[in-house]
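Below: the structure, in structure tokens.
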Amino acid sequence: MEHLDQNIAANPSFEDINGQAIDWDNITNVNFCNNVVYALQWNNSLGSCVEFLKSGKNVAIDGRSFIFVEGQISQSLENLNVGQLYRVTFVTAHPPILGAVLANKEGYIEFGNSRHVFMVYTKQDKHGSASKELNWHHHTFYFRPSTTTETIIFGSMTGNTGILFDDVKIQETILHNHDEVNKNGKHIHAHVVALHQWSSIHASWSFVDPESPIVDFMWAIGYTEGSTEVQGFTSVGLNNFAYNYNVSLAHTSVIHITVVATNAAGLRKESARRGFARRFNSARH
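Counting in my numbering, the sequence shown runs from 190 upward without gaps.
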């Protein structure tokens, strides 16, 4: 599985805007949602609160700006290859103000007819209040367009107080069918994101059976190869990726992901991604 370098998302880190961004050091509840501002190449949905934040400090993941979304934003993607696999990666963070600061939040991403919900966890300081340091959550999803033009949507779930987004990447993915690529779990990609007691695990894979089509994938998570202590084998249908936002891991955990592909003849092939370590999201300030 190879991810091409070209990012087909326009204005992916929200640096180019029509309007005035708010300085990160001067955020208040009062100055949110009071002015109309747009990111070039992005569309704000009706009724959404969208604001752009900037900082001279090392706060954003990419560039100096990032976006706050309560509601949803979208971008039209053109000249897509129908049926081709695309990877979408981005980061989110919990805004340290605007009420309900201690609650975990849910966001979503839509591409064509597919919607996936993700979690954004809070970080509290030692006094139990919200910290203004940002802990960015990394997210990875895959999609196959059904037409040459699709709309990608990022949003916060109804009733939430908004989510910060930055560093959107949309990259075409090439699946290889060479034995040397598929050995030793190299066709399974995975990463763990940890924030205090919260952890999420994201995995993707590439299996090709030239003799019989694959009809189902199952994946499991454990502390040794093939084991299921963290998550038992779970079917994801024909999706070539999966995620689990509800796992609790020890600080020194070494995680193994096992994927089983079943073809139309009922034959199974198992492969494992061996020994990758839990890592913490770092605060940017």
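All C-beta atoms, glycine included, are put in the ideal place defined by N, C-alpha and C.
Backbone CA spacing between Gly455 and Ser244 [nearest angstrom]: For the purposes of this step, residue 455 is taken as the residue at position 266 of the sequence shown. For the purposes of this step, residue 244 is taken as the residue at position 55 of the sequence shown. Roughly 55 Å between the two C-alpha positions.
Reduced DSSP secondary structure (H/G/I, E/B, other) of Asn429: Counting from one through the sequence shown, the residue named residue 429 turns up at place 240. It is coil, neither helix nor strand.
Presumed contact (8 Å Cβ cut-off) between Val258 and Phe241, rounded CB distance: Your numbering for residue 258 matches position 69 in the sequence shown. Your numbering for residue 241 matches position 52 in the sequence shown. In fact, because the Cβ distance is near 10 Å, the residues do not count as touching under 8 Å.
Counted within 10 angstroms of its Cβ, other Cβ atoms place Glu459 as buried (16 or more) or exposed: The sequence position of residue 459 within the sequence shown is 270, counting from 1. Its Cβ having fewer than 16 others within 10 Å, Glu459 is exposed.
Local Cβ density within 10 Å of Asp130, reported as buried at 16 or more and exposed below that: Residue 130 lies beyond the residue range present for the chain, which begins at 190 and ends at 474; the question has no answer from this structure.
Cα-Cα separation between Asn270 and Thr337, rounded to whole angstroms: Taking the sequence shown and counting its residues from 1, the one referred to as residue 270 is at position 81. Taking the sequence shown and counting its residues from 1, the one referred to as residue 337 is at position 148. Rounded to whole angstroms, Asn270 to Thr337 spans 6 Å at the Cα level.
Helix, strand or coil at Asn215 [DSSP, three-state]: Here residue 215 refers to the residue found at position 26 of the sequence shown. In this structure, Asn215 counts as helix in the three-state DSSP scheme.
Segment contact flag, the segment 327-347 with the segment 297-312, C-beta cutoff 8 Å, min 3 pairs: yes
Val306 to Asp214 span [Cα, whole Å]: Taking the sequence shown and counting its residues from 1, one reaches residue 306 at position 117. Taking the sequence shown and counting its residues from 1, one reaches residue 214 at position 25. Those two C-alpha atoms are separated by around 30 Å.
Opening and closing residue of the beta strand (DSSP E) in which Glu299 lies: Residue mapping note: residue 299 aligns to position 110 of the sequence shown, counting from 1. Here the beta strand (DSSP E) through Glu299 covers Lys294 to Phe300.
Chain B within 8 Å of Ala249, Cβ atoms only: No chain B appears in the structure shown, which is made up of a single protein chain.
Burial state of Thr362, where buried means 16 or more other Cβ atoms lie within 10 Å: The residue given as residue 362 occupies position 173 in the sequence shown. By the neighbour-count rule (16 or more Cβ atoms within 10 Å), Thr362 is buried.
Cutoff 8 Å; reference Lys315; Cβ partners in own chain excluding five residues on either side: For the purposes of this step, residue 315 is taken as residue 126 along the sequence shown, with counting starting at 1. The pLDDT assigned to Lys315 is 37, lower than 50, so where the model puts this residue is not dependable; a value taken from the coordinates is nonetheless given after this. Contacts found: none.
Bounding residues of the beta strand (DSSP E) (the contiguous stretch that carries Gly344): As a working mapping, residue 344 is identified with position 155 in the sequence shown. Counting along the chain, the beta strand (DSSP E) containing Gly344 begins and ends at Glu339 to Ser345.
Nearest to Pro284 (by Cα), restricted to the options Thr278, Ser335, Leu353 and Asn232: Against the sequence shown, residue 284 aligns to sequence position 95. It is Leu353.
Distance between Ala431 and His328 (C-alpha atoms, nearest Å): Sequence index remark: in the sequence shown, residue 328 carries index 139 (1-based). Sequence index remark: in the sequence shown, residue 431 carries index 242 (1-based). So the alpha carbons of these two residues sit roughly 11 Å apart.
Cα-Cα separation between Ser265 and Leu235, rounded to whole angstroms: If you number the sequence shown from 1, residue 265 lands on position 76. If you number the sequence shown from 1, residue 235 lands on position 46. Straight-line Cα distance between these residues: approximately 16 Å.
CB contact flag (Ala453, Val404, <8 Å): Stepping through the sequence shown from its first residue, residue 453 is reached at position 264. Stepping through the sequence shown from its first residue, residue 404 is reached at position 215. Their beta carbons are under 8 Å apart, which means Ala453 touches Val404 by this criterion.
Close Cβ partners of Val436 (< 8 Å) along its chain, the five nearest in sequence each way excluded: The residue you call residue 436 lines up with position 247 of the sequence shown. Excluding positions up to five away in sequence, the list reads Ser388, Ser389, Ile390, Ile410, Val419 and Gln420.
DSSP-derived helix/strand/coil call for Ala199: Counting from 1 along the sequence shown, the entry for residue 199 is found at position 10. Ala199 falls in the coil class under three-state DSSP.
Assigned secondary structure, Ile250 (DSSP; H/G/I helix, E/B strand, else coil): As a working note, residue 250 is residue 61 in the sequence shown. Ile250: coil per DSSP, three-state reduction.
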